[in-house]
Structure formats: structure tokens, C-alpha cells
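*Asks:* Under the working numbering, think of the first position of the sequence shown as -6, with each following residue one higher.
My questions will all concern the structure given below.
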Amino acid sequence: DRVRSGRFTITSDVAFEDVIEGCALPRPSERETWIDQRILGAYSVMHHAGHAHSIEAWLPEDQARAAGAKAAMPQNVGPRVVTEHGVLVGGVYGIHVGGVFCAESKFSRPDLGGTDASKVVLVHLIMHMRRRGFRLLDTQFWNEHIAQFGCREIPRAEYLSRLQAAVDLPVTW
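As C-alpha cells, this is what we get:
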């Protein structure tokens, strides 16, 4: 399994804006993205104020380069972020209020060796939230992909009750 393999180096808040830019990349099934410079600017302000966070997945540069050489999609599509952690190949970002985390978007770069990186960062997000005492992860919508991680739809009244109980908890990132 990819999470236990240790294939990716996982960090938090190291490349927040780069994660948003990765999430803004067009997906094969969609030609446009809702994430634009206004979104990047607003979330950057929230991040610098301590209210927005990211979890990132990295691969060593040589592994990403080798994967990119084999990929059908050219490596120069979208941001290619390289740091001491390696090459950014996946991430998730969102807003943190009390014991609630509202995940906005996630991405992976299979063309750079990041197959399943978005799944791995989601698992790490959930583990981090459990360690810190979060009570609610809002994923905005339900689909088969996130259902495999235990996501389920709940009635509006139950959601509002859970939100009210979690938002005032003194949970730190």
C-alpha cells in the first residue's frame, strides 16, 4: 500500500501556494478550473494568518525525473516545485477553524511519479486530524473516491450540529 510504503516524503505547510497551483491544474475530465489568482490570494492571506493549511507529498528529484521521462504528459505542464524535500507530486489544502477542517482541493502528479499522492496526503491529513483532536472533516461532497476513506454524507441537521460542536474546540494545527 502506498501510504505504508514510505515512497513519499510528507510535509505540512511547506509549499502551501504551490499546492493550490497544483490543484488548479486542469484535470483530464475538466477543461477549466475554479481556482484562479483571486482564490490563491485569498487562501494565501488565510494561510499567513494561520487559518489555512496544506499537506504535501514529495518524491526525490531523480525518481520524479525518471517518471517524467516515461510519462505521456510532458513535465512542463503546470508547476514543477523542487525543494530540499524533492519534487512536489501531490497535496491537499483547506481551512481550519477550531476542530473543523474544510478540505478545498487535492491533486497528484502521476506524470512525475506521484500516482496516488493525493490519496496518500488525504490519509496523512486524516491521521494528523485524529492526533490533534479534530472532530469534523468537510470534503464538500461525496463520491466513490473519497468514500474509500470513510467519507459519508450526513443530513444537513446532523452536519450543522457537528459543526457547532466542533468549531469552538481549542484545536491547533
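Cβ coordinates follow ideal geometry from the N, Cα and C atoms, glycine included.
Considering only DSSP beta bridges, list what LEU130 is partnered with.
*Replies:* On the sequence shown, residue 130 is found 137 positions in, with the first residue counted as 1. DSSP lists PHE94 as partners of LEU130.
*Asks:* Indicate whether ALA45 and VAL80 have their beta-carbon atoms separated by less than 8 Å.
*Replies:* The residue labelled residue 45 in the question sits at position 52 within the sequence shown. The residue labelled residue 80 in the question sits at position 87 within the sequence shown. No, the pair does not count as a contact, with Cβ atoms beyond the cut-off.
*Asks:* Out of CYS16, GLU146, ARG0 and PHE9, which one is the CA nearest neighbour of SER101?
*Replies:* Here residue 101 corresponds to residue number 108 of the sequence shown, with the count starting at 1. Among CYS16, GLU146, ARG0 and PHE9, the Cα nearest to that of SER101 is on CYS16.
*Asks:* To the nearest whole angstrom, what separates the beta carbons of ALA50 and GLY83, a pair I think is in contact under 8 Å?
*Replies:* Position 57 of the sequence shown, counting from 1, holds the residue named residue 50. Position 90 of the sequence shown, counting from 1, holds the residue named residue 83. Yes, ALA50 and GLY83 are in contact; Cβ-Cβ is about 4 Å, under 8 Å.
*Asks:* Measuring only from the beta carbon, is GLU97 closer than 7 Å to any heavy atom that is part of the ligand GDP?
*Replies:* Looking at this structure, you won't find the ligand GDP or any other ligand, since it has none at all.
*Asks:* Measuring CB to CB, does VAL160 end up less than 8 Å from ARG125?
*Replies:* Your numbering for residue 160 matches position 167 in the sequence shown. Your numbering for residue 125 matches position 132 in the sequence shown. No, Cβ-Cβ distance for VAL160 and ARG125 is not below 8 Å.
*Asks:* What residue does the alpha helix (DSSP H) around HIS117 start on, and which one ends it?
*Replies:* The residue labelled residue 117 in the question sits at position 124 within the sequence shown. Here the alpha helix (DSSP H) through HIS117 covers 110 to 125.
*Asks:* Here's the rule: buried if 16 or more other CB atoms are within 10 angstroms of the residue's CB, otherwise exposed. What is HIS78?
*Replies:* Walking along the sequence shown from the start, residue 78 turns up at place 85. Its Cβ being crowded by 16 or more others within 10 Å, HIS78 is buried.
*Asks:* Count the other CB atoms, across all protein chains shown, that sit within 10 Å of the CB of MET120; report buried if there are 16 or more and exposed otherwise.
*Replies:* Locating residue 120 in the sequence shown gives position 127, counting from the first residue. The residue in question, MET120, is exposed, as its Cβ has fewer than 16 Cβ neighbours within 10 Å.
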